[in-house]
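Protein chains in written order, with this note's numbering: chain S, 98 to 354; chain Y, 98 to 354. Heads up, the beta-carbon is just placed ideally off N, CA and C, and yes, glycines get one too. Worksheet: the structure to be examined is printed underneath.
Protein chains: 2
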Amino acid sequence: MTQSSEIPARIYTAALIVIGDEILSGRTQDKNIAQVASWLGVQGIRLKEVRVVSDEFPAIIEAVNALRLRNDYLFTTGGIGPTHDDITVDAVAEALGVPVIVHPEARAILEDYYATRGGLTDARLRMARVPEGAGLIPNRTSGAPGIHWGNIYIMAGVPMITAGMLDALTGTLEGGLPVLSETVGCWVGESEVAALLQATERAHDGVQIGSYPFFREGRTGSNFVVRCVDAEQLATCITALSSALEALGREPVLGGI
Amino acid sequence: MTQSSEIPARIYTAALIVIGDEILSGRTQDKNIAQVASWLGVQGIRLKEVRVVSDEFPAIIEAVNALRLRNDYLFTTGGIGPTHDDITVDAVAEALGVPVIVHPEARAILEDYYATRGGLTDARLRMARVPEGAGLIPNRTSGAPGIHWGNIYIMAGVPMITAGMLDALTGTLEGGLPVLSETVGCWVGESEVAALLQATERAHDGVQIGSYPFFREGRTGSNFVVRCVDAEQLATCITALSSALEALGREPVLGGI
Numbered sequence: 098m099t100q101s102s103e104i105p106a107r108i109y110t111a112a113l114i115v116i117g118d119e120i121l122s123g124r125t126q127d128k129n130i131a132q133v134a135s136w137l138g139v140q141g142i143r144l145k146e147v148r149v150v151s152d153e154f155p156a157i158i159e160a161v162n163a164l165r166l167r168n169d170y171l172f173t174t175g176g177i178g179p180t181h182d183d184i185t186v187d188a189v190a191e192a193l194g195v196p197v198i199v200h201p202e203a204r205a206i207l208e209d210y211y212a213t214r215g216g217l218t219d220a221r222l223r224m225a226r227v228p229e230g231a232g233l234i235p236n237r238t239s240g241a242p243g244i245h246w247g248n249i250y251i252m253a254g255v256p257m258i259t260a261g262m263l264d265a266l267t268g269t270l271e272g273g274l275p276v277l278s279e280t281v282g283c284w285v286g287e288s289e290v291a292a293l294l295q296a297t298e299r300a301h302d303g304v305q306i307g308s309y310p311f312f313r314e315g316r317t318g319s320n321f322v323v324r325c326v327d328a329e330q331l332a333t334c335i336t337a338l339s340s341a342l343e344a345l346g347r348e349p350v351l352g353g354i
Numbered sequence: 098m099t100q101s102s103e104i105p106a107r108i109y110t111a112a113l114i115v116i117g118d119e120i121l122s123g124r125t126q127d128k129n130i131a132q133v134a135s136w137l138g139v140q141g142i143r144l145k146e147v148r149v150v151s152d153e154f155p156a157i158i159e160a161v162n163a164l165r166l167r168n169d170y171l172f173t174t175g176g177i178g179p180t181h182d183d184i185t186v187d188a189v190a191e192a193l194g195v196p197v198i199v200h201p202e203a204r205a206i207l208e209d210y211y212a213t214r215g216g217l218t219d220a221r222l223r224m225a226r227v228p229e230g231a232g233l234i235p236n237r238t239s240g241a242p243g244i245h246w247g248n249i250y251i252m253a254g255v256p257m258i259t260a261g262m263l264d265a266l267t268g269t270l271e272g273g274l275p276v277l278s279e280t281v282g283c284w285v286g287e288s289e290v291a292a293l294l295q296a297t298e299r300a301h302d303g304v305q306i307g308s309y310p311f312f313r314e315g316r317t318g319s320n321f322v323v324r325c326v327d328a329e330q331l332a333t334c335i336t337a338l339s340s341a342l343e344a345l346g347r348e349p350v351l352g353g354i
């Protein structure tokens with residue numbers, strides 16, 4: 098997949114707001130950053146920035162307004178359940194300056210879902226509330242749908258439900274060229290090859306090299322991740338990096354260690 | 098541990114910046130948010146906000162300057178290694194408007210560490226660079242120390258090394274009352290008890306209740322996490338919540354499910 102590169106390809110970006118005191122207290126290990134990031138990569142969209150904020154109006158509103166304008170897409174996870182600490186919809190609506198309404202289709206979905214589960218109570222009806230003008234994101238796991246308003250995608254916090262919503266969105270967002278990546282591992286300390294890495298990156302336009310050291314079995318090693326939107330440039334850089342490591346007497350391991 | 102509560106206790110806050118393309122690409126699952134959050138809780142400091150930013154100067158500088166002034170403490174993880182993509186020190190120095198210098202003690206530590214490991218090369222010497230005026234955070238795991246400048250704590254990205262740096266900082270930061278928490282679990286959908294949760298939280302000043310639903314073994318349950326700085330208030334609220342669940346014919350499980 099090469100591209101004629103007279104005009105640089107448009108880069109699509111996204112931001113993510115993870116909403117929830119449980120992440121900030123350390124009670125819950127976040128899983129959504131990695132899953133949203135990986136999914137975006139496949140859509141050809143780059144996750145540029147993430148904020149984790151508390152279940153408080155000012156924190157959510159500030160983050161929404163800072164991030165929605167400077168990225169192509171803004172995703173949120175968390176805070177769309179039926180309880181008092183679920184304030185994402187109200188906070189996003191306030192950030193957008195629109196009222197909160199009950200979405201008729203969301204209400205119908207919940208009526209159907211809870212028909213055999215005790216009925217649609219006031220608390221459950223909270224999950225049909227959306228910022229005015231919103232569409233819905235299908236929820237294939239449980240009842241309450243996600244919400245789509247302009248370039249904002251409001252999703253659940255429970256990772257399994259988030260995954261289902263991402264799956265429902267697959268292929269629906271305009272993206273650019275996906276970032277391709279390949280890894281070369283090596284039993285070498287990154288400090289021993291720092292100059293080599295920098296020179297290799299500089300010699301290959303449009304390519305980024307990340308260096309990720311590790312310590313295993315009492316030995317020091319590193320994985321070098323080469324990223325690029327062009328498969329040919331990527332392959333050329335991987336070959337150059339591998340040769341340079343070999344020239345130092347170090348064995349490169351394609352795919353990483 | 099009760100407090101006479103005429104004057105509300107001072108609340109100490111911290112922010113965290115996670116620096117690294119590997120988190121934003123989804124390649125690496127972040128572990129530092131949860132470990133820094135848990136450690137801060139024990140120090141009596143509340144993690145208020147987290148940002149994950151790329152290995153780029155403008156992103157790091159914006160986050161540093163937004164967060165360092167409005168929190169008692171600012172922590173960063175990542176980007177302090179020897180390679181070209183490690184730019185945290187330079188970016189923080191630029192945010193602070195101070196030059197980068199080689200810290201004599203950091204240089205001595207690295208000289209010693211690399212004496213039997215091939216010597217202190219230019220790349221390795223990069224890890225002795227600090228914003229002028231900085232102190233060091235001991236690194237008990239590998240050579241290069243962390244950095245302390247004003248209320249900013251610059252730590253490694255590799256979670257095991259970060260853990261050692263946090264350990265070295267234990268007890269050195271002024272904090273307030275630690276937030277205590279207890280969990281009541283129940284095999285009940287959170288939407289069935291939403292009103293009860295809200296009423297219980299409102300009836301107990303200074304107490305927050307978070308609701309975390311789960312699906313296991315084909316059944317719906319929830320954990321309700323009650324948080325408070327006062328042990329007596331916490332116990333009173335836990336008792337009230339448990340009684341209210343029992344009154345609904347639902348068995349509360351102390352400690353959570």
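Checking contacts by CB at 7 angstroms: is residue i closer than that to chain Y?
i: A111 of chain S; result: no
i: A253 of chain S; result: no
i: G307 of chain S; result: yes
i: H200 of chain S; result: no
i: M98 of chain S; result: Confidence at M98 of chain S is low in this model, with a pLDDT of 45, below 50, so its placement is unreliable and the value that follows should be read with caution. M98 of chain S does not count as touching chain Y.
i: V150 of chain S; result: yes
i: D264 of chain S; result: no
i: L193 of chain S; result: no
i: A291 of chain S; result: yes
i: T213 of chain S; result: no
i: A106 of chain S; result: no
Identify the residues that DSSP records as bridge partners of residue i: which are they?
i: Y309 of chain Y; result: Y:N320
i: I114 of chain S; result: S:R148, S:T173
i: W246 of chain S; result: S:I249
i: P228 of chain S; result: S:V197
i: R143 of chain S; result: S:T110
i: S239 of chain Y; result: Answer by DSSP bridge pairing: none, since S239 of chain Y is not bridged.
i: L233 of chain Y; result: Y:I244
i: G268 of chain Y; result: None; G268 of chain Y has no bridge partner.
i: E279 of chain S; result: S:V323
Within the 7 angstroms Cβ cut-off, does residue i reach chain S?
i: H301 of chain Y; result: no
i: D187 of chain Y; result: no
i: S102 of chain Y; result: Any reading at S102 of chain Y must be qualified, since the residue scores a pLDDT of 49, below 50, and its modelled position is unreliable; no value is offered.
i: V147 of chain Y; result: yes
i: A344 of chain Y; result: no
i: A220 of chain Y; result: yes
Comparing alpha-carbon positions, which option in the options lies nearest residue i?
i: V172 of chain Y; options: Y:G178, Y:P179, Y:H181, Y:V189; result: Sequence check: residue 172 of chain Y is Phe here, not Val. Checked all of Y:G178, Y:P179, Y:H181, Y:V189; the closest Cα to F172 of chain Y is Y:V189.
i: I206 of chain S; options: S:R347, S:I184, S:L217; result: S:L217
i: T317 of chain S; options: S:A332, S:R347, S:E279; result: S:R347
i: S151 of chain S; options: S:G175, S:R167, S:Q140; result: S:G175
i: A106 of chain S; options: S:T259, S:C325, S:G352; result: S:C325
i: I363 of chain S; options: S:R221, S:I251, S:Y109, S:V323; result: A question about residue 363 of chain S goes unanswered here, because the residues of chain S that appear run from 98 up to 354.
i: P242 of chain S; options: S:T213, S:H200, S:L277; result: S:H200
i: I249 of chain S; options: S:N236, S:L270, S:Q126; result: S:L270
i: L277 of chain Y; options: Y:L266, Y:R237, Y:L331; result: Y:L331
i: N236 of chain S; options: S:T185, S:G178, S:G273, S:D219; result: S:G178
i: G273 of chain Y; options: Y:R221, Y:T213, Y:Y170, Y:E208; result: Y:Y170
i: N129 of chain Y; options: S:V350, S:V133, S:S122, S:S135; result: S:S122
For residue i, which residues in chain S fall below 9 angstroms Cβ to Cβ?
i: E329 of chain Y; result: Near E329 of chain Y there are no residues of chain S at all, since even the closest Cβ is about 21 angstroms away, more than 9 angstroms.
i: V322 of chain Y; result: D118, E119, S122, R124
Find the residues of chain S that neighbour residue i, judging by a C-beta separation of less than 7 angstroms, and give them in chain order.
i: G123 of chain Y; result: A131, A134, S135, G138
i: L294 of chain Y; result: T180, H181
What residues of chain Y sit near residue i, judged by a beta carbon separation below 7 angstroms?
i: D360 of chain S; result: Missing from the structure shown is residue 360 of chain S; chain S here goes from 98 to 354 and no further.
i: L144 of chain S; result: L121
Given that residue i touches chain S, what residues does it touch there, using C-beta distances under 8 angstroms?
i: G178 of chain Y; result: E287, S288, S308, P310
i: E298 of chain Y; result: H181
Mind listing the chain Y neighbours of residue i? Cutoff is C-beta to C-beta under 9 angstroms, in chain order.
i: A156 of chain S; result: K145, E146
Going along chain Y, which residues have a C-beta under 8 angstroms from residue i?
i: D127 of chain S; result: D127, I130, A131
| request: Spell out a yes or no on whether the region 326-344 of chain Y and the region 309-317 of chain Y are touching, meaning 3 or more CB-CB pairs, one atom from each, closer than 8 angstroms. | output: The region 326-344 of chain Y makes no contact with the region 309-317 of chain Y; the number of CB pairs closer than 8 angstroms stays below 3.
>> Pairs of beta-carbons, one from the region 141-151 of chain S and one from the region 108-118 of chain S, closer than 8 angstroms: are there three or more?
In response: Segment contact: the region 141-151 of chain S against the region 108-118 of chain S, three or more CB-CB distances shorter than 8 angstroms; contact assigned.
(Q) For the pair the region 220-232 of chain S and the region 193-203 of chain S, tell me if three or more CB-CB distances fall below 8 angstroms. (A) The region 220-232 of chain S is in contact with the region 193-203 of chain S.
Next on the checklist: I'd like to know if the region 253-260 of chain Y and the region 282-302 of chain Y are in contact, where contact means that at least 3 CB-CB pairs between them fall below 8 angstroms.
Outcome noted: In this structure the region 253-260 of chain Y does not lie against the region 282-302 of chain Y, because fewer than three pairs of beta carbons, one per stretch, are closer than 8 angstroms.
*asked:* Using 8 angstroms as the cut-off, can you tell me whether the region 152-160 of chain S makes contact with the region 291-301 of chain S, which would need three or more C-beta pairs spanning the two stretches below that distance?
replied: The region 152-160 of chain S is not in contact with the region 291-301 of chain S.
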